[in-house]
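Mind the numbering: the sequence shown is residues 1 to 281 in UniProt numbering, read in order. Glycine is no exception: its CB is placed at the ideal position from the N, C-alpha and C atoms. Just so you know, these numbers come straight off a predicted model, no measurement behind them.
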Amino acid sequence: MIRGLAGGFNINVAIIGTQGDDEAGRMFSSSMKMSGVCLDRMRVKRGPTGQCVCLVDVEGNRTMRPCLSDAVRLQASELNQDDFHGAKWVVLNGYGFYGEDLVETAVGLAKKEGLQVAMDLSSFEVIRNFRPQLMKLLASKQIDLCFANEDEARELICGSADFNPQDGLAFLAKYCSWAVVMLGSKGCIASHKDEIVRVSAIEVGEAVDTTGAGDLFASGFLYGMLNQLSLEDCCKVGCCAGAAVVRALGGEITKENIRWMHKRLELQNLPSKGIHNVSPI
């Protein structure tokens, strides 16, 4: 998501986290630097970097299996106010709930700094495993913007096979100023206050790999927020960004995909140039 903001939209971004002092950690930091992501808030610890296997079928669908058993981790006690200084938004990942009090501490520090907070629910398994913590956080009304895919929205409201995504959106809207449910090839639905919009997906032909589609959608949506676009246009930019990344294997934000994305934005009369000199997100 932050590589999409940095490499695709020229937004100044920084990542808060921990990597190991191993080859995987060095590869990670090198990739982030190449995309323009600031690593000043990253910690490097002795030990292995967490890794994840992405399994992609012939139709481009993917599933992800992380291996974090002995990986180095960021602890809640290691966060400090300086990590959030100078930012406008902080974006949290649902997998952060696997770190005890990590998400809650990050939200508290972000709000002390006056930031807006966005959260990606990440996985229906995260919701299933951490429902009490998630519901307590949502009930605190400190999450300003929440992203969920269809499976996550279904899990959130314990929906059945005939689940309606609008029910998931309505549930999130009770707690968050902005709520978005991503529907893959069907586009997305989003709400802000009394406004609800539905936006169709961008046609890409053959989807090579859907890895990163939701993350890049979030990049585009947040870019629209920073540009103060309408809710509908934020969704349109998100759909363009999400469509761009599925055109290449490995969730890669290639130069060709960036050009393809900006061409689609121009065709819809949407901003296609990055915002410069903004605070890190």
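Can you say whether R65 is buried or exposed, counting buried as having 16 or more other CB atoms within 10 angstroms of its CB?
exposed
Considering only their Cβ atoms, is the gap separating A118 from L145 smaller than 7 angstroms?
yes
Among residues of its own chain, excluding the 5 on either side of C239, which ones have a beta-carbon nearer than 8 angstroms to its beta-carbon?
G187, C188, V199, S200, A201, I202, F217 and G220
Can you tell me the Cβ-Cβ gap for D82 and T49, rounded? I've got them flagged as a contact below 8 angstroms.
Their Cβ separation, rounded to whole angstroms, is 23 angstroms, which puts D82 and T49 out of contact at 8 angstroms.
Kindly provide the ranges of any beta strand (DSSP E) runs that are 3 or more residues long and lie completely inside the stretch 134-160, ordered along the chain.
145-149
Name, in chain order, the residues that DSSP records as bridge partners for H192.
W178 and E195
Using the three-state DSSP reduction, which class does N12 fall into: helix, strand or coil?
coil
The beta strand (DSSP E) spanning G17 covers which residue range?
G17 to G20
Separation of T211 from G168, as counted between CA atoms:
23 angstroms
Apart from the five residues on each side of it in sequence, which residues of its chain come closer than 7 angstroms, Cβ to Cβ, to V208?
G60, V246, R247, A248 and L249
Leaving out five residues before and five after V278 in sequence, what residues of the same chain have Cβ atoms less than 6 angstroms from its Cβ?
Its pLDDT being 36, under 50, V278 is placed unreliably in this model, and the value from its coordinates should be taken loosely. Correct list, in chain order: N12.
What three-state label does DSSP hand A173 in the structure shown?
helix
Report yes if the C-beta distance between V90 and L115 is below 7 angstroms; otherwise report no.
yes
Any alpha helix (DSSP H) of 4 or more consecutive residues that is wholly inside the stretch 244-276:
255-267
Would you identify the three-state DSSP class for A207, choosing helix, strand or coil?
coil
What residues are listed by DSSP as bridge partners for N93?
D120
Tell whether a beta-carbon distance below 7 angstroms holds between F84 and L109.
yes
Go ahead and pull the three-state DSSP assignment for Q228.
coil
Helix or strand or just coil, what does DSSP make of Q81?
helix
One or two residues paired with C52 in a DSSP bridge:
P66
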